[in-house]
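**Q**
2 protein chains.
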Amino acid sequence: MPPYDVYSASCPTRLLLDHIADKWAALILWRVSVQPIRFNQLRREIQGISTKVLSQALKRLERDGLIDRKAFATVPMTVEYSITPLGLTLASKISAISEWAESNIEVVMAAQSRYDSAA
Amino acid sequence: MPPYDVYSASCPTRLLLDHIADKWAALILWRVSVQPIRFNQLRREIQGISTKVLSQALKRLERDGLIDRKAFATVPMTVEYSITPLGLTLASKISAISEWAESNIEVVMAAQSRYDSAA
DNA sequence: TTATGTGGTGACCTCCCGGAAACCACCCTG
DNA sequence: CAGGGTGGTTTCCGGGAGGTCACCACATAA
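Line by line, the protein sequences are chains Z and U.
Just so we're aligned, residue 31 is where the first sequence starts under my numbering, counting upward by one.
Just so we're aligned, residue 31 is where the second sequence starts under my numbering, counting upward by one.
Below you can see the structure in the form of structure tokens.
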């Protein structure tokens with residue numbers, strides 16, 4: 031087996047890290063891992079994301095095998111996104127980052143104030 | 031206590047998530063959490079990062095209270111970066127993402143091939 | 001006397017991310 | 001029939017992120 035190393039610029043893991051160590055990917059994976067969800071519902075829940083960016087992010091996550099996309103020929107057509115078994119193994123880890131942010135934001139903001147006033 | 035929510039665009043946690051759910055932040059925090067390290071050594075280990083981007087990222091992580099910067103008046107001057115107790119609680123979670131990438135890259139690449147050939 | 005190492009900063013330029021809006025297809029409602 | 005709403009994709013264009021290069025001050029090495 032080849033020695034995969036995210037610290038090497040040319041290693042494919044670096045590109046993958048760029049996909050998953052990402053604000054939008056974190057929010058999407060977390061939400062989708064809870065329950066399958068449709069495009070515009072997801073868009074409404076992830077406040078501030080544009081349709082284009084959401085569409086691109088979903089496509090990338092689908093390509094990486096982390097989420098499933100099912101299109102139904104209803105009118106208007108509906109598309110449902112769900113987590114894959116592979117995606118689920120990542121979702122638990124990536125959602126821990128968001129949860130950490132929510133738990134520690136006050137400590138971080140205090141640190142920022144200290145840093146800014148020191149300057 | 032206010033209800034912090036990363037899914038709200040205006041919540042400060044969203045900004046924090048943008049700082050930490052980041053390729054470079056992940057690589058830096060992981061490496062710095064192992065052992066204190068100097069600027070140029072870090073730059074050499076994280077292949078492909080430029081001095082400018084590394085400098086910016088380090089400053090942001092320091093401002094957020096995740097890493098410590100200690101400058102020594104040696105000649106030439108040396109600067110050492112180390113992990114803070116707060117940063118350590120995040121480093122374990124964020125390094126799990128990089129490790130996941132290294133462990134699952136082959137499955138992901140297989141998924142990508144399948145996706146691309148389907149098109 | 002050059003070259004190297006150290007930790008950056010600033011200027012310049014380029015490229016790509018992402019926001020806004022158009023667009024498509026179709027149903028419902030007035 | 002005309003207009004509005006919904007779900008999802010795609011085009012267009014400006015701004016900001018990020019790469020490259022130069023530079024600083026100084027000591028040691030070649």
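Idealized CB from N, CA, C, for every residue including glycine.
#1: By the DSSP assignment, the alpha helix (DSSP H) with Z:SER63 in it spans what residues?
#2: For U:ILE76, which of U:SER128, U:TYR34, U:LYS89 and U:LEU57 has the nearest alpha-carbon?
#3: Could you name the residues of the region 38-61 of chain Z whose beta carbon sits closer than 7 Å to any beta carbon of chain U, in the order they occur along the chain?
#4: Are the region 117-135 of chain U and the region 105-124 of chain Z touching by the rule of at least three beta carbon pairs closer than 8 Å?
#5: Residues of chain U with a CB under 7 Å from the CB of Z:LYS131: which are they?
#6: State whether the region 47-64 of chain U contacts the region 83-101 of chain Z, with contact taken as three or more CB pairs (one from each stretch) at a distance under 8 Å.
#7: Can you list the residues of chain U that Z:MET139 reaches, using a CB-CB cut of under 7 Å?
#8: Given that a residue counts as buried once 16 or more other Cβ atoms are within 10 Å of its Cβ, and exposed if not, what is Z:ASP94?
#9: Under three-state DSSP, which class holds Z:ALA39?
#10: What is the DSSP secondary structure of U:TYR111, reduced to helix, strand or coil?
#11: Counting C-beta neighbours from all protein chains within 10 Å, is the total for U:THR81 16 or more, i.e. buried, or is it exposed?
#12: Should Z:PRO32 be listed as close to the ligand HEM, given that the test is whether its C-beta is under 6 Å from any heavy atom?
#13: So which residues of chain U does Z:GLU110 contact, with C-beta pairs closer than 9 Å?
#14: Which same chain residues, not among the five before or five after Z:HIS49, have their C-beta less than 7 Å away from its C-beta?
#15: Is it the case that the Cβ atoms of U:LEU46 and Z:VAL137 are separated by a distance below 7 Å?
#16: How would you label Z:ALA39, buried or exposed, when you count the other beta carbons within 10 angstroms and need 16 or more for buried?
#17: With 16 as the cutoff for other CB atoms within 10 Å, does Z:ALA103 come out buried or exposed?
**A** According to the structure shown:
#1: 53-64
#2: U:LEU57
#3: SER38, ALA39, PRO42, THR43, LEU46, LEU47, ASP48, ILE50, ALA51, ASP52, LYS53, ALA56 and LEU57
#4: yes
#5: It should be noted that the sequence gives Ala, not Lys, for residue 131 of chain Z. Ordered by position in chain U, the residues that pass the 7 Å Cβ test against Z:ALA131 are VAL36, THR43, LEU46, LEU47 and ILE50.
#6: no
#7: PRO42
#8: buried
#9: coil
#10: Per DSSP, reduced to three states, the secondary structure at U:TYR111 is strand.
#11: exposed
#12: Inclusion of the ligand HEM in the displayed structure is not the case, the ligand content being empty and no account of it being possible.
#13: Result: empty, since nearest Cβ-Cβ is about 18 Å, beyond 9 Å.
#14: So the qualifying residues of the chain are ALA55, ARG90 and ASP94.
#15: no
#16: exposed
#17: exposed
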